[in-house]
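Read the structure below first, then the notes.
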Amino acid sequence: MDAAYLFYERENVSIPMMDFDPPLFKRLAGFGRWDRQNSRFILRYRLKAEQYRIIFADRPYIEVKKDLAAINGFFERPWPGRLAAADKLSKTDRTCLVSSIPPPERFSLFWVERLKEELHSRKYSSKTIKSYLHFNRDFCRIVKKPVEKITEMDFKKYLNFLDTVKDMSSSSMNLAISSIRFFYNNVMGRNFARDQYRPRQDKRLPGVLSREEIETLLDTENNPKHRLLLMMAYSSGLRVSEVVALKKEHIDFSRKTLLVYGAKGRKDRITILSDRAAAFLQEYCRCFDIANWLFPGQVNGHIRVRTAQNIFEKAIQNAKVQKNVSIHSLRHTFATHLLENGTDIKYIQILLGHSNLRTTERYTHIARRSILRIQSPLDGGPH
Numbered sequence: 083m084d085a086a087y088l089f090y091e092r093e094n095v096s097i098p099m100m101d102f103d104p105p106l107f108k109r110l111a112g113f114g115r116w117d118r119q120n121s122r123f124i125l126r127y128r129l130k131a132e133q134y135r136i137i138f139a140d141r142p143y144i145e146v147k148k149d150l151a152a153i154n155g156f157f158e159r160p161w162p163g164r165l166a167a168a169d170k171l172s173k174t175d176r177t178c179l180v181s182s183i184p185p186p187e188r189f190s191l192f193w194v195e196r197l198k199e200e201l202h203s204r205k206y207s208s209k210t211i212k213s214y215l216h217f218n219r220d221f222c223r224i225v226k227k228p229v230e231k232i233t234e235m236d237f238k239k240y241l242n243f244l245d246t247v248k249d250m251s252s253s254s255m256n257l258a259i260s261s262i263r264f265f266y267n268n269v270m271g272r273n274f275a276r277d278q279y280r281p282r283q284d285k286r287l288p289g290v291l292s293r294e295e296i297e298t299l300l301d302t303e304n305n306p307k308h309r310l311l312l313m314m315a316y317s318s319g320l321r322v323s324e325v326v327a328l329k330k331e332h333i334d335f336s337r338k339t340l341l342v343y344g345a346k347g348r349k350d351r352i353t354i355l356s357d358r359a360a361a362f363l364q365e366y367c368r369c370f371d372i373a374n375w376l377f378p379g380q381v382n383g384h385i386r387v388r389t390a391q392n393i394f395e396k397a398i399q400n401a402k403v404q405k406n407v408s409i410h411s412l413r414h415t416f417a418t419h420l421l422e423n424g425t426d427i428k429y430i431q432i433l434l435g436h437s438n439l440r441t442t443e444r445y446t447h448i449a450r451r452s453i454l455r456i457q458s459p460l461d462g463g464p465h
């Protein structure tokens, strides 16, 4: 907030806080308590002007000689439907404005910082932190309540909304449940939604490409950088986040191996490097003077994940492949083709970095039955 407002209430002074920075809250912490119900800080006693200047630093503060209850809603942001000059607008103009005004942020900056601190202290990945923040913000926005007034019934309503309105998958709903439970259990200190069941995971088979489709995909891609990205993702079984973050130092040309540094679960692993990919990679590094990132971005660092996804989507379109696949399908295809070549499934598990063999075993459902020497009884019977 731009200015702090001090409301005098008998012997105490209350400071409503809608948006504020964590350093200010820490400076106030030694002088009072946080009122979660009303989103305000209550000082235990009135301070001197010099002390206020120390607490608020260069931030201006205003002393209001009124009870907080008398100015209910003073700090609320403009809300759709409460336009200042609504009577001067036509119905369609008013609707246009109301539909475009974002709802107020009910998951306040204070709780954003508290959640971030808790997640960082447990070494959660940046992607997980982003997801946890998103679902907690979305939860408060959908149920139209601040954090302090959330109930378990609100939680059930939100999950119902995710299923019936957003048609969210089971895995995404499970992520939403984990995000919200983590915040209310570990940050708010509440035993929240303990009896809430998780939806069963959708057991969908991954999409894979044939060997002919892989060749077509690579042959129609004429950009060397893009071709190498697709080649590395398929030939080494890499996740998209892993392939964009590859460095030249991660490649061991003599041993034909590749180091995947800080992969999912913060685990390093070694995977294979094909002869074709190694030859192309060596020439690519020499021609484009690659010293660090294999796929450098336009400014600093490597290209974004979304950029790599766009490269794949455009390549699939140019190759005229009529399958519902994503860049992650190259990793699925890598595992499936290894299995069809007779590679032991435990070795495939290691190359993919799966913690559980059951995750790798799903590729047995999509490997070609002729390669696995399984014959249909219709083919083996008398004719």
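In the numbering used here, the protein residues as written are 83 to 465. Glycine included, each C-beta is placed from N, C-alpha and C at the ideal position.
Where the beta strand (DSSP E) containing R389 begins and where it ends: The count along the sequence shown starts at 1 and reaches residue 389 at position 307. It should be noted that the sequence gives Thr, not Arg, for residue 389. No beta strand (DSSP E) contains T389, which is instead part of the alpha helix (DSSP H) from 387-401.
For S323 and N256, the rounded distance between their alpha carbons: By one-based count along the sequence shown, residue 256 stands at place 174. By one-based count along the sequence shown, residue 323 stands at place 241. Rounded to the nearest angstrom, the two C-alpha atoms are 22 Å apart.
When Q364, K338, K329 are compared against H384, the one with the closest alpha-carbon: Counting from one through the sequence shown, the residue named residue 384 turns up at place 302. Among Q364, K338, K329, the Cα nearest to that of H384 is on K329.
Could you tell me how far apart the beta carbons of D136 and L88 are, in whole angstroms, since I believe they sit closer than 8 Å? In the sequence shown, the residue the question calls residue 136 occupies position 54. In the sequence shown, the residue the question calls residue 88 occupies position 6. The question names Asp, yet the displayed sequence has Ile at residue 136. No, I136 and L88 are not in contact; Cβ-Cβ is about 14 Å, not under 8 Å.
Taking Cβ to Cβ, would you say F192 is nearer than 8 Å to F107? Mapped onto the sequence shown, residue 192 falls at position 110. Mapped onto the sequence shown, residue 107 falls at position 25. Yes, the Cβ-Cβ distance between F192 and F107 is below 8 Å.
Closest residue to L433 among Y266, K349, R358, N392 (Cα-Cα distance): Along the sequence shown, read from residue 1 onward, the residue named residue 433 stands at position 351. With distances taken between Cα atoms, L433 lies closest to K349.
Inspect the beta-carbon positions of P98 and R122 and report whether they are closer than 8 Å. By 1-based counting over the sequence shown, the position of residue 98 is 16. By 1-based counting over the sequence shown, the position of residue 122 is 40. A contact, by the Cβ cut-off of 8 Å.
Distance CB(Y316)-CB(T415) smaller than 8 Å: Taking the first residue of the sequence shown as 1, we reach residue 316 at position 234. Taking the first residue of the sequence shown as 1, we reach residue 415 at position 333. Yes; because the gap between Cβ atoms is below 8 Å, this pair is in contact.
D371 by DSSP, collapsed to three states: which one? Here residue 371 refers to the residue found at position 289 of the sequence shown. It is coil, neither helix nor strand.
Alpha helix (DSSP H) segment containing P306, residue limits: Locating residue 306 in the sequence shown gives position 224, where the first residue counts as 1. Where P306 is concerned, the enclosing alpha helix (DSSP H) stretches over 306-318.
Simplified DSSP state of Y206, which is helix, strand or coil: Counting from one through the sequence shown, the residue named residue 206 turns up at place 124. Three-state DSSP puts Y206 in coil, outside helix and strand.
Exposed or buried, Y266, counting other C-beta atoms within 10 Å across all chains shown (16 or more means buried)? The count along the sequence shown starts at 1 and reaches residue 266 at position 184. Buried.
Could you spell out where the beta strand (DSSP E) holding F377 opens and where it closes? In the sequence shown, residue 377 corresponds to position 295, counting from 1. No beta strand (DSSP E) contains F377, which DSSP labels as neither H nor E.
N- and C-terminal bounds of the alpha helix (DSSP H) containing I232: Locating residue 232 in the sequence shown gives position 150, where the first residue counts as 1. Counting along the chain, I232 falls outside any alpha helix (DSSP H), and DSSP gives it neither H nor E.
C-alpha gap between V229 and L197, whole angstroms: The residue given as residue 229 occupies position 147 in the sequence shown. The residue given as residue 197 occupies position 115 in the sequence shown. Roughly 12 Å between the two C-alpha positions.
Where T298 sits in the DSSP three-state scheme: Residue mapping note: residue 298 aligns to position 216 of the sequence shown, counting from 1. Helix, per DSSP.
Taking the DSSP output, what are the residues bridged to V488? Nothing in the structure corresponds to residue 488, since the chain is present only between 83 and 465.
Three or more beta-carbon pairs under 8 Å between the stretch 209-219 and the stretch 274-294, yes or no? no
Proximal residues to H410 (C-beta, below 6 Å), its chain only, five neighbours per side dropped: The residue labelled residue 410 in the question sits at position 328 within the sequence shown. Closer than 6 Å at the Cβ level, and outside the excluded window around H410, lies no residue.
I97 lies in the alpha helix (DSSP H); which residues open and close that run? Against the sequence shown, residue 97 aligns to sequence position 15. Note, I97: premise wrong, no alpha helix (DSSP H); beta strand (DSSP E) at 94-98.
To which residues of the same chain is K338 closer than 8 Å at the C-beta, ignoring the five residues directly before and after it? Here residue 338 refers to the residue found at position 256 of the sequence shown. So the qualifying residues of the chain are I354, L355, S356, D357, A360.
Tell me which same chain residues have a C-beta within less than 8 Å of the C-beta of L244, skipping the five on either side of it? The sequence position of residue 244 within the sequence shown is 162, counting from 1. Within the same chain, L244 has close Cβ partners M250, S254, M255, A258.
If you draw a straight line from the alpha carbon of P378 to that of R321, how long is it in whole angstroms? Taking the first residue of the sequence shown as position 1, residue 378 is located at position 296. Taking the first residue of the sequence shown as position 1, residue 321 is located at position 239. Looking at the two C-alpha atoms, the distance is approximately 17 Å.
If you run the structure through DSSP and keep just helix, strand and coil, what is D357? Indexing the sequence shown from 1 puts residue 357 at position 275. Correct three-state label for D357: helix.
Any idea which residues DSSP pairs T174 with across the strands? Numbered from 1 along the sequence shown, position 92 holds the residue referred to as residue 174. Answer by DSSP bridge pairing: none, since T174 is not bridged.
Using a Cβ-Cβ cut-off of 8 Å (strictly less than) and excluding sequence neighbours within five positions of D334, which residues of its own chain qualify? Working through the sequence shown from its first residue, we reach residue 334 at position 252. Correct list, in chain order: L340, L341, L355.
Judging by CA-CA distance, which residue of R219, D220, L201 is the nearest neighbour of I211? Along the sequence shown, read from residue 1 onward, the residue named residue 211 stands at position 129. Per the Cα distances, L201.
Report yes if the CB atom of K227 is closer than 8 Å to the CB atom of D236, and no otherwise. Mapped onto the sequence shown, residue 227 falls at position 145. Mapped onto the sequence shown, residue 236 falls at position 154. Their beta carbons are under 8 Å apart, which means K227 touches D236 by this criterion.
Candidates T441, D220, E132, N305, of which the one nearest K396 by Cα: Here the question's residue 396 lines up with position 314 in the sequence shown. Taking only the C-alpha atoms, the option nearest K396 is N305.
For a quick check, are the C-beta atoms of C222 and F274 less than 8 Å apart? Walking along the sequence shown from the start, residue 222 turns up at place 140. Walking along the sequence shown from the start, residue 274 turns up at place 192. Not closer than 8 Å, so no.
Using a Cβ-Cβ cutoff of less than 6 Å, which residues in the same chain neighbour L420 once the five nearest sequence positions on both sides are dropped? Taking the first residue of the sequence shown as position 1, residue 420 is located at position 338. Same-chain partners within the cutoff: I430.
Please report how far the alpha carbon of I448 lies from the alpha carbon of I224, in whole angstroms. Along the sequence shown, one-based indexing puts residue 448 at 366. Along the sequence shown, one-based indexing puts residue 224 at 142. One C-alpha to the other measures close to 40 Å.
Reducing DSSP to helix, strand and coil, say where Y343 ends up. The count along the sequence shown starts at 1 and reaches residue 343 at position 261. DSSP places Y343 in coil when its eight states are reduced to three.
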